[in-house]
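A.B. asks:
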Amino acid sequence: MKSNEIRTSFADFFRARGHRLAPSAPLVPQDDPTLLFVNAGMVPFKNYFLGVEKPPAKRVVSVQKCLRVSGKHNDFENVGPSPRHQTFFEMMGNFSFGDYFKEEAIRAAWELVTKVWKLPVEHLFATVYEEDDEAHDLWLKISDLPPERVLRCGKEDNFWSMGETGPCGPCSEIFADVQPDKPQVSWEEGNASGRYVEIWNLVFMQYERDAAGNLTPLPNPSIDTGAGLERTTAVLQGVPSNYDTDLFQPILKAAADLAGMTYGKDPEKDVSLRVIADHLRSVSFLLADGVIPANEGRGYVLRRILRRAVRHGMRLGFEEPFFHKLVPVLGEVMGSAYLELAATRQATIATIKAEEEKFLSTVANGARQVQEEIERLRQAGESTLPGAMVFRLYDTYGLPLEVIQEIAEEERIQIDQEGFNEALEVQRQQSRKATQEVQNRLSALREVIRGHSELAETDFEGYDRTELYDPPAEVVRLATWKDGAPVRVSTLEEKQSGVVVLDTTVFYAESGGQAGDTGEIIWEGGRARVVDTQKDSGGVIFHFVEVEKGTLARHARVQLRVDHEARLAIQRNHTATHLLHAALRQTLGKSVRQAGSLVAPDRLRFDFTYHRGMFRQEQEQTEDLVNEWVRRAVPTETVWRTYQEAVAAGAMALFGEKYGERVRTVNVPGFSLELCGGCHVRNTGEIGLFMIDSERGVASGVRRIEAVTGSYALEEIRRQRATYAELVNRLGIRSGDYDQQIQRAEQLRQRQSELEQEMKRLRMQLVSGAAASPGAQEEMVVDGIKIVAREVPPAPANELRDIADALRSKLGSGVVVIGTRNDGNVSLVAAVSKDLTPRIKAGELVKRLSPIVGGGGGGRPDFAQAGGKDPEKLPAALAAVQDAVREQLAR
Ligand code: ATP
Ligand code: MG
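Residue numbers 3 to 893, in this note's numbering, belong to the letters of the sequence shown in order.
1. With C-beta atoms as the reference, is Arg607 less than 8 Å away from Arg706?
2. With distances taken between CB atoms, is the gap from Gly821 to Leu880 smaller than 8 Å?
3. Would you tell me roughly how many angstroms separate the C-alpha atoms of Gly777 and Gly845, rounded to the nearest one?
4. Would you check if the stretch 317–328 and the stretch 247–264 touch, i.e. whether three or more CB-CB distances between them fall below 8 Å?
5. Leaving out five residues before and five after Gly514 in sequence, what residues of the same chain have Cβ atoms less than 7 Å from its Cβ?
6. So is the beta-carbon of His281 under 7 Å away from any non-hydrogen atom of the ligand ATP?
7. Does the structure place the stretch 52–61 close enough to the stretch 85–94 that three or more beta carbon pairs sit under 8 Å?
8. Give the straight-line distance between the Cα atoms of Val883 and Glu758, rounded to the nearest whole angstrom.
9. As a quick exercise: from Glu522, Ala487, Ala530 and Arg479, pick the residue whose alpha carbon is nearest that of Lys497.
10. Val77: beta carbon under 7 Å from a heavy atom of the ligand ATP?
11. From the DSSP output, which residues share a beta bridge with His75?
12. What residues in its chain sit with their C-beta under 8 Å from that of Val894, if we drop five residues either side in the sequence?
13. Please report how far the alpha carbon of Phe657 lies from the alpha carbon of Val54, in whole angstroms.
14. Please confirm whether Glu113 has its beta-carbon closer than 8 Å to some beta-carbon of chain B.
15. What's the C-alpha gap between Gly652 and Leu675?
16. In this structure, how does DSSP classify Asn160 when only helix, strand and coil are distinguished?
17. In three-state DSSP terms, what is Phe15?
18. Give the DSSP bridge partners of Glu175, in chain order.
19. By a C-beta neighbour count over all protein chains shown, 10 Å radius and 16 as the cutoff for buried, is Pro295 buried or exposed?
20. Under three-state DSSP, which class holds Leu385?
21. Quick one: complete alpha helix (DSSP H) runs, 4+ long, within the stretch 836–865?
22. Could you pull out every unbroken alpha helix (DSSP H) segment of at least 4 residues lying fully inside the stretch 247–321, listed in chain order?
23. For Ala481, does the three-state DSSP call read helix, strand or coil?
24. Please list, in chain order, all residues of the same chain as Ala194 whose beta carbon is under 7 Å from its beta carbon, the five residues on each side excluded.
25. By how many angstroms is the C-alpha of Lys255 removed from the C-alpha of Leu29?
26. State whether the stretch 610–630 contacts the stretch 572–586, with contact taken as three or more CB pairs (one from each stretch) at a distance under 8 Å.
27. Closest by CA to Tyr102, which one among Asp226, Gly165, Pro474 and Ala214?
28. What first and last residue would you give for the beta strand (DSSP E) that runs through Met616?
29. Gln516 bridges to which residues according to DSSP?
30. Counting beta carbon pairs with one atom in the stretch 304–313 and one in the stretch 283–295, are three or more of them shorter than 8 Å?
31. If you drop the 5 nearest sequence neighbours on each side, which residues of the same chain put their C-beta closer than 7 Å to that of Ala358?
32. Report the CB separation of Ile735 from Gln722 in whole angstroms; it is logged as a contact under 8 Å.
33. For the pair the stretch 114–132 and the stretch 40–50, tell me if three or more CB-CB distances fall below 8 Å.
34. Counting pairs of Cβ atoms below 8 Å between the stretch 635–645 and the stretch 712–728, do you hit three or more?
35. Cutting at 6 Å between CB atoms, please list the residues of its own chain near Lys849, excluding the five before and the five after it.
36. Is the closest heavy atom of the ligand ATP to the C-beta of Asn203 under 7 Å?
Okay, structure coming up:
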C-alpha cells in the first residue's frame, strides 16, 4: 500500500463508521497561546474534551499535521539517529466526544489493523495501563492476541494527560514488529531495540484531574487515538524504518543526488540526509502555515530547524544554498494530500533560499569573530570563553551555539555554557513577557467578570452597522481596576474607567491587525467613552470605557455608538491592505506573503516577505495598481464558506481556520480574495486614494510598507505641498518649473560650499599672513627656538588645527600656540615641529597652559588641543607660553 492510500484508508474506515472527516488544522494552534505547535491529533479538539465548546459531531476522524520540537513532546534531537521519529509527522486519529468508549475503540482499531491493513496477528502486541483490567480483558475478548502479547505497562507509557490538570486517562498502545522475518525475541528486547514499534495509541479519557491531583470520573468518557502515518506505512511496506517508506525515499534520493552521494552507504552521512529530509517537511509545512523565520517564538523554532538542516548540509559538503532545491520533490510526495504546499511553493523556496544565504554568510563572519575572541583570550592567558561573550556572538552575530562549540573544540578552549544559558534565559523571559501580557490581562478580566456563571462568546453584529439600540443582554457586566487588579463591580461611577461586556455588540475588537473600535456607550442619564475594544481567545469582547457622565449599572439599557468616521477610515485602510497585498504579488511576484499587518484609522502598515528593498518604480507600480482598483469602484463581497472551499477558490490565508468553522472570505472580484474576519468598505471606490508613505526592512527577509488612504492621503499630500511651498519661498526659488527649481536649489547649495571654502582661505591668510610678517609681536625666540603665540578669530575646531599646522610649516622649525574665544569658551591648540619634539612636547604645553583658562586637555608631542571656560584669561595663557617652553627646556 502506498502512503497516500494508507492515509485515505484510515479516514474511509472511520467515515464508514459514522465519523465526520475533519481536515487537518494548521500547525499553529488557533486559540491556544500556551502551545507553540499542534503536537497531536486531539489538539484542535481540546475544547470539546474540556466541555468548553460543543463539538460539531460526536464522532470525528482526522489526519493531523503534527510537530514535536518543543515543550512536553520534543523529538528534535531524536531526528536523524532514530528510525521512527520525525519532527513533523501525520497523526491519524479517531475521536469520540462522549459517544463510544473503550470497547468500540479497541474493536475498530483491531479490525482496521488486521482486516483492512491485513497485518498478521503474530506481528502484533497490545499494551494497557497496569491498573486497567477493563482494557486488558477487552483485548483478550476482541482480538486473537494470546495473553502473553497483551502487556501491562506503567504510568510512564500508558497513562495520558492533557496537562497538569484536566482530562486524562489510561491508554492502550498497538505495537508491530518491523522485522517479522527474524526469529522472535522477548518483548523487552524487541521494545528496547526498536524492533517492536508503537504505531497506534488509544487514549481512554475518563477522568478529570484537579490541582490537588485528585481524579474524578468524567460524566461522558471520550476517546482520542493517534496512529503515526509514517510508522504505519513502514510496517505495512515491510521496511525497518520510516525513512525507508515512499514518504521519505524520493526526498532522500533527491538530497543524496544533490550532494553527489547515495543514501545507505555511509551511516554518518545517512544521519545528515535523514535530518535534511525530515526538516524539509517541517520547514515547508511551517512556512505553508504562515510561520515566518524570526528571532523569537514560533519563527525562532522554524529558523532553528532550517539552520540545523543547513548545518547538516555543510557536513555533506554543501557550500552553497541547497535546501530550497528540495522543495519541489516534497510537493511530489505530499502535494496531493496537502494543497497548501502547492499554494505556497514559490514563497517557500524564496524564503528558504534567503535564509540559507544569510545563514551561510553569518557562519563565515561569525566564525571569524569567534577566532578573534579566542585569540584575545589566549593573549590574556584565559582558557574559557565567558558566557556573556558566547551569548553576544550568538545574539548579535546570529551564530548558532553549535558552531561556536565546534570552533572552540578545535581551538581547545572551554565554553561557559551555564553563563550562556543564563543570558539566553533572561532574553527569552523578556520577549515572552511582552507577548503574553495582553492575553493574560484579558483572561484575568474574563475570570473576574465571569463570576460564577458562564461567559459566552460575544455576538459581533457590527459588520454592517455602527449603532445598536438596546442590544439583547441579560445584564451589562462590569469591571474596574483596584490597585492594578481587575475587580467585578455592579456600577461604574462618573469619571471611573473600567470594562464593559455585553452579549451583543457592534464594536469590533482588535484582531487580525485591525484596531479595536472606539465610540460611546449611552444610557439614560449617562454616557461612557469607549477608548478601545479587545477580545480574548474565547471570543469575549471587552469594551474599555471611561464614564463621562452618570452611573452605568448592571441592568442599564444601553445604546452603542461606534465612532463612525473612525470606523469608515479603518474600513478604507483594511480593504486597501488587501488590495496592496494583491498588488504586491503582481509587481513583485508570488513569493510575497503577508507577515503581519496593522489597520488603524489614520494609517495602515503591511509587512511582507521579500528578499530586498523595493525600487521606486516598483513602489509606484504598486501604488498605481491599487489606485486603479479603487477607481474601478468594485463592490466587495463577503462570503462564508468552508475552509476547503475558500482555499480551493484561491483565498490567501495567513492562518487557516479551525475545523468545523466556516470561514469568512473577503473578495474584491477579479483582484483579491482573502480569509478575513475584519471590516471592509462596500465598494473599493470608498477608499478614494491610496498612497505609500514608506517602504523599509524590518527583519531579515521582511519588508514593511506604510500607507494612507482617503482623507488621510489627501492630508498627507497637503502637508507635503505646504512644506514644499514654504521651502521654495524661503530659498527664494519660487519661479520656474520643478526642474528649474531643483537646479536652482542645487546652485544655492554649491554656492554655499564655495563660500565656506573661501572663508576658510581668508581666515588662514589673515592669521598666517600676520605671523609671517617680520617683527610681528607674537613671534619670540627662546634659546634659538622660534615661538608663535597668538589669538585668532573664532573658527571651527578642525580649522584651528589647519591654522596651527599652517603656522608651524611657515616657521619650519618652531613652536605654535594659538587660542580663540567663542561663545564664552576658549580653545587652545599647540603644535611643535618634529625636530623639536624630543625637547618640547605639545601635550605638556597644553597641560601647563589650559588650567590658566579654566580647562584641561592634552595630546601628542607634536600636536595637542584643550578647551577652557575663562575667555578673559586667554591673553594670560598666551603670555605664559614663553615661560612654559623655558621650563621644558630646563628639564
Ligand atoms: P514514542 O514513545 O515512540 O516517542 P509517543 O508515545 O511519544 O511515541 P504518542 O504521543 O502516543 O507517541 O503519539 C501517537 C502516535 O504518533 C505514536 O504511536 C506514533 O505512531 C506517532 N508518533 C509520535 N511521535 C512521533 C514522531 N516523533 N515521529 C513519527 N511518529 C510519531
Ligand atoms: Mg514520543
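Built from N, CA and C at the ideal position, the CB exists for glycine as well.
Predicted model, so just to flag it, every value in this text is computed and none were measured.
C.D. replies: In this structure, then:
1. By one-based count along the sequence shown, residue 607 stands at place 605. By one-based count along the sequence shown, residue 706 stands at place 704. The Cβ-Cβ distance between Arg607 and Arg706 falls below 8 Å.
2. Taking the first residue of the sequence shown as position 1, residue 821 is located at position 819. Taking the first residue of the sequence shown as position 1, residue 880 is located at position 878. Yes; because the gap between Cβ atoms is below 8 Å, this pair is in contact.
3. For the purposes of this step, residue 777 is identified with residue 775 of the sequence shown, where counting begins at 1. For the purposes of this step, residue 845 is identified with residue 843 of the sequence shown, where counting begins at 1. Caution applies to Gly777, whose pLDDT of 47 falls short of 50 and renders its modelled position unreliable; the value that the coordinates give is listed next. Going from the Cα of Gly777 to the Cα of Gly845 covers about 28 Å.
4. yes
5. Locating residue 514 in the sequence shown gives position 512, where the first residue counts as 1. If we look at Gly514 and ignore the five residues flanking it on each side, its Cβ neighbours are Cys678, Gly679 and Gly680.
6. Locating residue 281 in the sequence shown gives position 279, where the first residue counts as 1. No, the Cβ of His281 stays beyond 7 Å of every heavy atom of the ligand ATP.
7. no
8. The count along the sequence shown starts at 1 and reaches residue 883 at position 881. The count along the sequence shown starts at 1 and reaches residue 758 at position 756. Rounded to whole angstroms, Val883 to Glu758 spans 32 Å at the Cα level.
9. Mapped onto the sequence shown, residue 497 falls at position 495. For Lys497, the nearest C-alpha among the options comes from Ala530.
10. As a first step, residue 77 must be located in the sequence shown, where it is residue number 75. Before going further, note that residue 77 is Asp rather than Val in the sequence given. Yes, the Cβ of Asp77 comes within 7 Å of a heavy atom of the ligand ATP.
11. Taking the first residue of the sequence shown as position 1, residue 75 is located at position 73. Answer is Ser72.
12. As shown, the chain starts at 3 and ends at 893. That puts residue 894 outside it, with no answer to give.
13. For the purposes of this step, residue 657 is identified with residue 655 of the sequence shown, where counting begins at 1. For the purposes of this step, residue 54 is identified with residue 52 of the sequence shown, where counting begins at 1. Interpretation of Phe657 is limited by its pLDDT of 45, a score under 50 that renders its predicted location unreliable; the figure taken from the coordinates is listed afterwards. Cα-Cα distance, rounded: 23 Å.
14. Annotation note: the requested chain B is absent from the structure, which comprises a single protein chain.
15. Position 650 of the sequence shown, counted from the first residue, corresponds to residue 652. Position 673 of the sequence shown, counted from the first residue, corresponds to residue 675. Rounded to the nearest angstrom, the two C-alpha atoms are 7 Å apart.
16. For the purposes of this step, residue 160 is taken as residue 158 along the sequence shown, with counting starting at 1. DSSP places Asn160 in helix when its eight states are reduced to three.
17. Position 13 of the sequence shown holds residue 15. Looking at Phe15 - three-state DSSP - the assignment turns out to be helix.
18. The count along the sequence shown starts at 1 and reaches residue 175 at position 173. According to DSSP, which records beta bridges pairwise, Glu175 is partnered with Thr129 and Asn203.
19. Locating residue 295 in the sequence shown gives position 293, counting from the first residue. Pro295 is buried by the Cβ-count criterion.
20. Here the question's residue 385 lines up with position 383 in the sequence shown. Note on residue identity: the sequence assigns Ser, not Leu, to residue 385. Ser385 falls in the coil class under three-state DSSP.
21. 844–851
22. 251–261, 269–290 and 299–317
23. As a working note, residue 481 is residue 479 in the sequence shown. Ala481: strand per DSSP, three-state reduction.
24. As a working mapping, residue 194 is identified with position 192 in the sequence shown. Closer than 7 Å at Cβ, skipping near neighbours: no residue.
25. Numbered from 1 along the sequence shown, position 27 holds the residue referred to as residue 29. Numbered from 1 along the sequence shown, position 253 holds the residue referred to as residue 255. Leu29 and Lys255: Cα-Cα distance of roughly 27 Å.
26. The stretch 610–630, when compared against the stretch 572–586, does touch it at the 8 Å Cβ threshold.
27. Counted from its first residue, the sequence shown places residue 102 at position 100. When each option's Cα is compared against that of Tyr102, the closest is Asp226.
28. Locating residue 616 in the sequence shown gives position 614, counting from the first residue. Counting along the chain, Met616 falls outside any beta strand (DSSP E), and DSSP gives it neither H nor E.
29. Counted from its first residue, the sequence shown places residue 516 at position 514. Its beta-bridge partners are Ser513 and Val601.
30. yes
31. Stepping through the sequence shown from its first residue, residue 358 is reached at position 356. With the sequence shown as reference, residue 358 is identified as Glu, and Ala is not the correct amino acid for it. Cβ within range, chain order: Val312, Pro323, Phe325 and His326.
32. Residue 735 sits at position 733 when you count from the first residue of the sequence shown. Residue 722 sits at position 720 when you count from the first residue of the sequence shown. With 8 Å as the limit, Ile735 and Gln722 do not qualify as a contact, their Cβ atoms being about 17 Å apart.
33. no
34. no
35. If you number the sequence shown from 1, residue 849 lands on position 847. Here the set comprises Gly860.
36. Taking the sequence shown and counting its residues from 1, one reaches residue 203 at position 201. Checking the Cβ of Asn203 against the ligand ATP gives yes.
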